[in-house]
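Report on the following structure.
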Amino acid sequence: MVLNVVQVGNEVLRKVCSPITKFDDKLAKLLDDMKDTVRDEHGAGLAAPQIGVDKRCVVVDVDEGFFEFVNPVILSKSGSYTSLEGCLSVRGQWGYVERPTKVKIEYRDRKGKKHTLTAYDFFAKCICHELDHLDGVLYTDKAERMLTPEEVKKLEEQNK
Ligand code: ZN
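If you want the numbering used here, it's the 1-based position in the sequence shown plus 97.
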């Protein structure tokens, strides 16, 4: 089911989310709804607080595939690059954010099984962005520079 994406100003986006403790049908439904929602929005990722649920799980939808990360933790990161970022909860804005080029994470799947994964470049950036949401951090907190309204207009015209 496609859900509404909550927007900046909503306090759920500023919460430190709690870990998932039950790997049950409720979690499966939450992850299914997050998938439907991120696909509907054409987003690269979505964190549970963005649909109003303060739990530690995110989905990432990138060229490498569709991923569900429950209770994800960053084990290591390296490299750095700065690129343009946006967020489904901060509509109409874009900013330059520095992120690692490589991250290694540990997470559980919807059944509770533990996995590790190494991601690079855009995939790594998406993971970092989504994991920040679980600690109440938005990319706008970290952005080196936000695009001006004029630059946003240009960008949105290019992306049409
Ligand atoms: Zn976001």
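Glycine is no exception: its CB is placed at the ideal position from the N, C-alpha and C atoms.
Roughly how far, in whole angstroms, is the beta-carbon of residue i from the beta-carbon of residue j, given that I think they are within contact range, below 8 Å?
i: ARG207; j: ALA125; result: 6 Å
i: PRO146; j: LYS119; result: No, PRO146 and LYS119 are not in contact; Cβ-Cβ is about 18 Å, not under 8 Å.
i: CYS266; j: VAL167; result: Any question about residue 266 goes unanswered here, given that the chain covers just 98 to 257.
i: HIS139; j: GLU182; result: Not a contact, Cβ separation roughly 15 Å.
i: GLY189; j: VAL249; result: 6 Å
i: LYS132; j: VAL102; result: Contact doesn't hold; Cβ gap of about 13 Å is too wide.
Would you list the one or two residues that DSSP bridges to residue i?
i: THR215; result: LYS201
i: CYS73; result: With the chain running from 98 to 257 in the structure shown, residue 73 is simply not present.
i: TYR178; result: ARG196
i: SER115; result: LYS152
i: MET243; result: GLY192
i: ALA144; result: VAL155
i: SER186; result: Paired residue(s): none; SER186 is not in a bridge.
i: GLY162; result: VAL159
Any idea if residue i is buried or exposed, counting beta-carbon neighbours within 10 angstroms, 16 or more meaning buried?
i: ARG242; result: exposed
i: PHE163; result: exposed
i: SER177; result: exposed
i: HIS230; result: buried
i: HIS212; result: exposed
i: ASP158; result: buried
i: GLY149; result: exposed
i: LEU127; result: buried
i: LYS210; result: exposed
i: GLU165; result: buried
i: LYS222; result: buried
Between residue i and residue j, is the Cβ-Cβ spacing less than 9 Å?
i: LEU228; j: LYS201; result: no
i: SER175; j: VAL194; result: no
i: ALA240; j: GLU161; result: no
i: ASP151; j: VAL109; result: yes
i: PRO246; j: TYR204; result: no
i: TRP191; j: LEU235; result: no
i: LEU143; j: LEU185; result: yes
i: ASP232; j: CYS114; result: yes
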